[in-house]
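Enquirer: Protein chains in written order, with my numbering: chain R, 369 to 733; chain G, 369 to 733.
Virtual Cβ for every residue (Gly too), placed ideally from N, Cα, C.
Note that this is a predicted model, so its numbers are computed, not measured.
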DNA sequence: AGGTATTCTGAAAACGATTTCATTCTACGC
DNA sequence: GCGTAGAATGAAATCGTTTTCAGAATACCT
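So, in structure tokens, the structure goes:
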């Protein structure tokens, strides 16, 4: 619906800013000197430096980044690719990355991949309108199909990059990841306290993270004799609706688990809503555990337990590894960050809860 | 916590892509012709056009955007400034804007302002590492302080821009906004069915949107004799926690309203959690209404009512107005988009609910 | 004082495209 | 057959920087 209130208008002059030449002229120096004032102030005497600065101020001089990038051969902008900005964890990561990168004097171009593999490949092409200088890939999805891997390798030939997530075997770029398998195992273990019918909500085609988390679930599930055939619930997407729909359908089919382990918090919330609408009690009837430890978990009812992982740490390590490449310093090919388990109302923590080694407690249903 | 798994590694060659000169040479034409093949294909004969294309393919030619931008005088990247990407509505808007802009062959640079006025001003400076060609401002916050307004005017001297939100008087750029005052009025009216103690959760310093919504609330509240002094609850921030804290404190002070109208959905959820932890029933004891109609509202318990506004419409209109400036076509200085009221479990819709004109129903408490 | 570092500066050549202007070639009308 | 309009192309200038190289000025040391 569109109400149009109006008033017409036309044209608009576009005005030029002063160039380095004009500054040089006004300051009575060469453009080389002005350039030095900008890039290597130490090389120019204090007197001229000040004079030039004054003139720059007067003329509202702004460096033309296109010209600089052209001459220099590269821009000063890191492109950050995030799986999906509707997932709050990625927004957290983005902010952390941005802070780290801007602290180093570079700009950030953030791209929301919307879980679309083709937009990943497109973003990696230097083809675009931008002048990227390096990449941070936090795609969540699998990178191991041939096309995608090739696109990354190609991008890495001309620019440094770092991946947060999946490590490609023999990849020459640094990878930062979390202990997903391990903590999925522990989370599942902790859920098994309530009974052996622990459902896994995940397994989205092409998702690397989902696969890792499934592994951990399976390891724990198999140790306790869970009927994984029955309790692994694949879903087509990873939003609230997907979790809600999947669980609703299973319950309607008469499948009520003792607990649900979801690969992200959105799914966990969707699942919890489905349970509640069916009159089931959380965690009394069904416990629920998410992944990501998103902010909203503390404000929904019941509050939801989740596996945490520090976006800030990930960003710090990733950017450091990126800069190591810029500066030809050595870097770690793989950094693995630890996670934490945060219990809230939706689960009943058992002895082996957080950091302690899991106790095998093979409760029968 | 940081486990370091390792393996050292050094260096990395950076390889150059082919330039237009090499393409021209390989195809036996001048660079002018190659450029024409790229930008004005009609001007070159079919035969050479094909030949050049083939060579470009062979040599993996990629246009150097810096060089093009330098020569052309501007880039092909629209910078989109969003108030905060932790607010899902802005993510929706971002995606819609991106789709519109990319459909026109331009790139998008999205900036998360994190509600920081200084980062707005910084982003408007051509100073940055980018080559913006135009701006879309969706800041939510007030633009009417002198510094900010100046920064916008200045940016607009060299580039087209469009604002989604506040209209600055006499501003020469197009503004797109929603009927916030009107629908806040209607939302409040609808809440007044439950009693006259309707609280307003908002009034964040410097927020334009909050101010508009407060106006609507006040209009409705005053019509019904609400003690606005008592029920306007200012808050310092606009996240879940802020809503939770404010409501918790008021309840502890013994102030329990009949309904709460929050200026966004995050606050509404925080508020609802606070109510529930105090054993209050929603909407039985207290009704809750948010603003933004974010996706999660359908999956929290109880589901939350909210005022909706189409991000897609806003994006379409905004980008159209931007392009009108590029192409020197006339455009509307102000476009006002309508909203909708979506009732869910957290409110009891009354007769004057949705689209119908409000009925004055002065219920006493 | 004389030689040698050291500091500071400028001239000029890139970087890779776009665009103006002029030129060549083809085709058409009379 | 000749003049001319139109199509297709190329040469060269230009955008605003960075950077190399060399030269001038100043300082230091014995």
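(1) Once DSSP output is grouped into helix, strand and coil, what is the label at residue 676 of chain R?
(2) Kindly indicate if chain R contains any beta-carbon less than 8 Å away from that of residue 576 of chain G.
(3) What in chain R is Cβ-close to residue 401 of chain G, meaning under 9 Å?
(4) So, residue 657 of chain R versus residue 679 of chain R, is the Cβ gap smaller than 8 Å?
(5) Tell whether a beta-carbon distance below 8 Å holds between residue 712 of chain R and residue 672 of chain R.
(6) By the criterion of Cβ-Cβ separation under 9 Å, what are the contact partners of residue 641 of chain G in chain R?
(7) Give the straight-line distance between the Cα atoms of residue 372 of chain G and residue 505 of chain R, rounded to the nearest whole angstrom.
(8) So the candidates are R:544, R:714 and R:510; which of them puts its Cα closest to the Cα of residue 641 of chain R?
(9) Counting only beta-carbon separations shorter than 8 Å, does residue 659 of chain G have a partner in chain R?
(10) Is residue 509 of chain G helix, strand or coil by DSSP?
(11) Would you mind sorting residue 439 of chain R into buried or exposed? The rule is 16 or more other CB atoms within 10 Å of its CB.
(12) Quick check: residue 429 of chain G and residue 405 of chain G, are their CB atoms within less than 8 Å of each other?
(13) Touch check for the stretch 651–665 of chain R and the stretch 594–601 of chain R: three-plus C-beta pairs under 8 Å?
(14) From which residue to which residue does the beta strand (DSSP E) around residue 602 of chain R run?
(15) Assuming contact is defined by CB atoms lying nearer than 8 Å, are residue 562 of chain G and residue 716 of chain G in contact in what I supplied?
(16) Report the residues of the stretch 447–460 of chain R with a CB closer than 7 Å to any CB of chain G, ordered along the chain.
(17) Looking only at its own chain, which residues have a Cβ that is under 6 Å from the Cβ of residue 615 of chain R, when we skip the five neighbours before and after it?
(18) Quick one: is residue 509 of chain G near chain R, going by C-beta distance under 8 Å?
(19) Flag this pair as touching only if the stretch 549–556 of chain G and the stretch 517–533 of chain G have three or more C-beta atom pairs under 8 Å; answer yes or no.
(20) My output table needs one value for residue 713 of chain G: the three-state DSSP class, helix, strand or coil.
(21) Please tell me whether residue 482 of chain R has its Cβ less than 8 Å away from any Cβ of chain G.
(22) Beta-carbon separation of residue 633 of chain R and residue 659 of chain R under 8 Å?
(23) Do residue 507 of chain G and residue 481 of chain G have their beta-carbon atoms positioned less than 8 Å apart in this structure?
(24) Would you tell me roughly how many angstroms separate the C-alpha atoms of residue 706 of chain G and residue 675 of chain G, rounded to the nearest one?
(25) Below 9 Å on C-beta distance, what does residue 462 of chain G contact in chain R?
(26) Between residue 589 of chain R and chain G, is there a C-beta pair that is closer than 8 Å?
(27) Please report the residue range of the beta strand (DSSP E) in which residue 475 of chain R lies.
(28) Short of 7 Å in beta carbon distance, which residues of its chain neighbour residue 566 of chain G, apart from the five on each side in sequence? Order them along the chain.
(29) Under 9 Å Cβ-Cβ, which residues of chain G neighbour residue 608 of chain R?
(30) Under 7 Å between beta-carbons, which chain G residues line up against residue 612 of chain R? List them in chain order, please.
(31) With distances taken between CB atoms, is the gap from residue 543 of chain R to residue 702 of chain R smaller than 8 Å?
(32) Taking residue 424 of chain R as the query, report the chain G residues whose CB atoms sit under 8 Å from its CB, ordered along the chain.
(33) Cα separation between residue 478 of chain G and residue 692 of chain G?
(34) Who are the neighbours of residue 437 of chain G on chain R, taking C-beta pairs under 7 Å?
(35) Nearest to residue 447 of chain G by alpha carbon, out of G:471, G:527, G:415 and G:407?
(36) For a quick check, are the C-beta atoms of residue 644 of chain G and residue 669 of chain R less than 8 Å apart?
Expert: Put simply:
(1) Here residue 676 of chain R sits in strand by DSSP.
(2) At a cut-off of 8 Å between C-beta atoms, residue 576 of chain G does not count as an interface residue with respect to chain R.
(3) Residues of chain R passing the Cβ test: none, with the nearest at roughly 21 Å.
(4) In this structure, residue 657 of chain R lies away from residue 679 of chain R, with their beta-carbon atoms at least 8 Å apart.
(5) Contact flag set, yes.
(6) Simply 666, 667, 668, 669 and 671.
(7) Model confidence at residue 372 of chain G stands at a pLDDT of 39, short of 50, so the residue's coordinates are unreliable and nothing is read from them.
(8) When only C-alpha atoms are compared, the closest one is R:714.
(9) Chain R places no beta carbon closer than 8 Å to that of residue 659 of chain G, leaving this residue out of the contacts.
(10) In this structure, residue 509 of chain G counts as strand in the three-state DSSP scheme.
(11) Burial call: exposed.
(12) A distance of 8 Å or more separates the beta carbons of residue 429 of chain G and residue 405 of chain G.
(13) Flag = no, the stretch 651–665 of chain R and the stretch 594–601 of chain R do not touch.
(14) Residues 600–602.
(15) In this structure, residue 716 of chain G lies closer than 8 Å to residue 562 of chain G by Cβ.
(16) Within the stretch 447–460 of chain R, the residues whose Cβ lies closer than 7 Å to some Cβ of chain G are 453, 454, 456 and 459, listed in chain order.
(17) So the list reads 639 and 642, once near-sequence residues are dropped.
(18) Not one beta carbon of chain R lies nearer than 8 Å to the beta carbon of residue 509 of chain G.
(19) The answer is no - the stretch 517–533 of chain G does not touch the stretch 549–556 of chain G, with fewer than three Cβ pairs under 8 Å.
(20) Residue state, collapsed to three classes: coil.
(21) Interface annotation, residue 482 of chain R: in contact with chain G, CB-CB separation under 8 Å.
(22) By the CB criterion at 8 Å, residue 633 of chain R and residue 659 of chain R fall inside the cutoff.
(23) Their beta carbons are under 8 Å apart, which means residue 481 of chain G touches residue 507 of chain G by this criterion.
(24) Distance between the alpha carbons of residue 706 of chain G and residue 675 of chain G is about 11 Å.
(25) Those are 453 and 480, listed as they occur along chain R.
(26) No - not a single Cβ of chain G is within 8 Å of the one on residue 589 of chain R.
(27) From DSSP, the beta strand (DSSP E) with residue 475 of chain R extends over 475–480.
(28) Excluding positions up to five away in sequence, the list reads 556, 559, 560, 589, 594, 599, 625, 626, 627 and 629.
(29) Neighbours of residue 608 of chain R on chain G, chain order: 663, 664, 666 and 667.
(30) Those within 7 Å of residue 612 of chain R in chain G are 667.
(31) Contact flag set, yes.
(32) Chain G residues near residue 424 of chain R: none, gap ~11 Å exceeds 8 Å.
(33) CA-CA distance, residue 478 of chain G to residue 692 of chain G, rounds to 21 Å.
(34) Within chain R, the residues near residue 437 of chain G are 434.
(35) Of the listed residues, the one whose Cα sits closest to residue 447 of chain G is G:527.
(36) Cβ atoms of residue 644 of chain G and residue 669 of chain R: closer than 8 Å.
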